[in-house]
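Just below is one structure, and these are the notes that go with it.
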Amino acid sequence: MSFGFNFPALFRAHNTTLQTGIGSGGPFNLQFSEGCEIIGGSRVNIQNNAYLYGDIKIDGSTGKNQSYDIAFDPTKLISTMISEAWQIASEINLTIMVGDDAVYNVAQDNVALTVRQISGSNPGNSSADQTRVFGLRVEVTP
Amino acid sequence: MDVLRPYNSLNYPKMDFEQPTTFTTDITATSNSITLYSGSSYYIEAYVQADNGVGNPRGTCYYQLYDATSSSYIGNEAGEDLTSSTGAALRQGRKCAAALILDSDISTSMTIELRIKTLTGSGWNFNVYSWLSVAPYPGFPSLRVWQLPS
Chain A
1 MSFGFNFPAL FRAHNTTLQT GIGSGGPFNL QFSEGCEIIG GSRVNIQNNA YLYGDIKIDG
61 STGKNQSYDI AFDPTKLIST MISEAWQIAS EINLTIMVGD DAVYNVAQDN VALTVRQISG
121 SNPGNSSADQ TRVFGLRVEV TP
Chain B
143 MDVLRPYNSL NYPKMDFEQP TTFTTDITAT SNSITLYSGS SYYIEAYVQA DNGVGNPRGT
203 CYYQLYDATS SSYIGNEAGE DLTSSTGAAL RQGRKCAAAL ILDSDISTSM TIELRIKTLT
263 GSGWNFNVYS WLSVAPYPGF PSLRVWQLPS
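Sequences listed follow chains A and B, in order.
Going by this note's numbering, the residue at position 40 of the first sequence is 40; the numbering climbs one at a time, nothing skipped.
Converting from the second sequence to this note's numbering requires adding 142 to each position, the first position being numbered 1.
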């Protein structure tokens with residue numbers, strides 16, 4: 001296989017508005033973008049194959065026990081292995097070494113950064129005051 | 143770029159990998175290693191999620207990418223120290239082990255593992271799927287491989 005870039009290669013989208021109470025499967029809204037358009041307020045139109053990175057910043061004051069994870073919701077997966085990030089704010093679990101709190105994927109068409117699941121004891125506390133998506137459009141030739 | 147999931151450590155200190163059904167790079171994979179081939183350069187990032195368990199002596203866990211072809215660790219290590227009374231005394235931002243492997247580093251092929259390098263304390267559990275009772279939504283860790291033009 002050979003690899004190249006599709007232009008504009010780099011794109012990003014973000015939001016700095018506090019979003020609260022996002023349910024399982026619900027998307028984080030995005031407001032600003034460069035190198036891409038935002039569809040329906042939350043989906044990044046990547047058009048081509050793209051490597052994706054996403055993360056959020058949690059405002060710990062909006063809920064004591066924010067326990068939920070996040071993932072990308074792509075319209076078309078290129079990689080079948082989806083990474084998920086564990087977000088936990090004020091309630092730090094002292095026994096678990098949390099890894100890289102970001103999500104990664106390779107997808108096509110358009111994607112949203114979503115709340116994948118919320119801990120059952122903490123519904124409604126899923127919030128974020130910053131949301132970021134970064135991507136690199138790639139071209140793969142078999 | 144491909145994403146694998148380092149989800150357990152049945153062959154400690156090697157991490158076990160789940161694999162995508164199709165690869166978008168030229169790498170091949172086994173249950174606990176990936177193989178890179180000459181003709182391209184590669185950038186690899188990986189992280190481990192580990193549970194020290196409730197009531198066990200707190201410890202440290204550090205991990206790093208390992209070149210099994212030349213039997214040496216490569217890139218930077220990452221991990222965490224959970225030993226202080228408040229936990230995670232030496233927290234770091236991205237607990238991400240990374241390595242850039244140039245085409246010139248690969249003679250024909252290079253086998254890479256993700257290894258637990260340092261582990262103190264006891265009761266560590268790397269099986270993310272078994273954590274449902276202590277951490278319902280830990281997410282899934284990943285190992286990412288970028289194949290780059292040489």
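Heads up, the beta-carbon is just placed ideally off N, CA and C, and yes, glycines get one too.
Quiz prompt | Inter-residue Cα distance where the pair is A/Thr141 and B/Thr172 | solution = What you label residue 141 of chain A is simply residue 141 of the first sequence in a count that begins at 1. What you label residue 172 of chain B is simply residue 30 of the second sequence in a count that begins at 1. Rounded to the nearest angstrom, the gap between the Cα atoms of A/Thr141 and B/Thr172 is 24 Å.
Quiz item: When the Cα atoms are used, what is the spatial distance from A/Ala89 to A/Pro27?
Solution: Here residue 89 of chain A is taken as the residue at index 89 of the first sequence, counted from 1. Here residue 27 of chain A is taken as the residue at index 27 of the first sequence, counted from 1. Low local confidence applies: a pLDDT of 42 at A/Ala89 is under 50, so the model's placement there is unreliable, with the coordinate-based value given in what follows. Roughly 19 Å between the two C-alpha positions.
Practice problem: Give me the Cβ distance between A/Ala85 and A/Ile46, rounded to the nearest whole Å; I'm assuming they're in contact under 8 Å. | Solution: Position 85 of the first sequence, counted from the first residue, corresponds to residue 85 of chain A. Position 46 of the first sequence, counted from the first residue, corresponds to residue 46 of chain A. With 8 Å as the limit, A/Ala85 and A/Ile46 do not qualify as a contact, their Cβ atoms being about 19 Å apart.
Quiz item: What does B/Val190 reach in chain A if we use C-beta pairs closer than 9 Å?
Solution: Position 48 of the second sequence, counted from the first residue, corresponds to residue 190 of chain B. Against chain A, the beta carbon of B/Val190 has neighbours under 9 Å at Met97 and Gly99, listed in chain order.
Quiz item: Given that a residue counts as buried once 16 or more other Cβ atoms are within 10 Å of its Cβ, and exposed if not, what is A/Ile82?
Solution: Numbered from its first residue, the first sequence carries residue 82 of chain A at position 82. With 16 or more other Cβ atoms within 10 Å, it is buried.
Quiz item: Among all the DSSP beta bridges, which residues are the ones paired with A/Gly54?
Solution: On the first sequence, residue 54 of chain A is found 54 positions in, with the first residue counted as 1. Bridge partners of A/Gly54: A/Val103 and A/Val133.
Quiz item: Does the beta-carbon of A/Glu91 have 16 or more other beta-carbons within 10 angstroms, so that it is buried, or is it exposed?
Solution: Counting from one through the first sequence, the residue named residue 91 of chain A turns up at place 91. A caution first: A/Glu91 carries a pLDDT of 44, below 50, which makes its placement in the model too unreliable to give a value.
Quiz item: What's the C-alpha gap between A/Leu52 and B/Tyr154?
Solution: What you label residue 52 of chain A is simply residue 52 of the first sequence in a count that begins at 1. What you label residue 154 of chain B is simply residue 12 of the second sequence in a count that begins at 1. The straight-line gap from Cα to Cα measures roughly 30 Å.
Quiz prompt | Contact list for B/Thr163 against chain A, beta-carbon separation under 9 Å | solution = Counted from its first residue, the second sequence places residue 163 of chain B at position 21. Within chain A, the C-beta atoms nearer than 9 Å to that of B/Thr163 come from Thr80 and Met81, in chain order.
Quiz item: Shorter than 9 Å from the beta carbon of A/Asn105 to some beta carbon of chain B?
Solution: To locate residue 105 of chain A, count along the first sequence from 1; it is residue 105. It does; some Cβ of chain B falls within 9 Å.
Quiz item: Using a beta-carbon distance cut-off of less than 8 Å, what residues from the region 124-140 of chain A approach chain D?
Solution: Of the chains in the structure shown, none is chain D; the protein chains are A and B.
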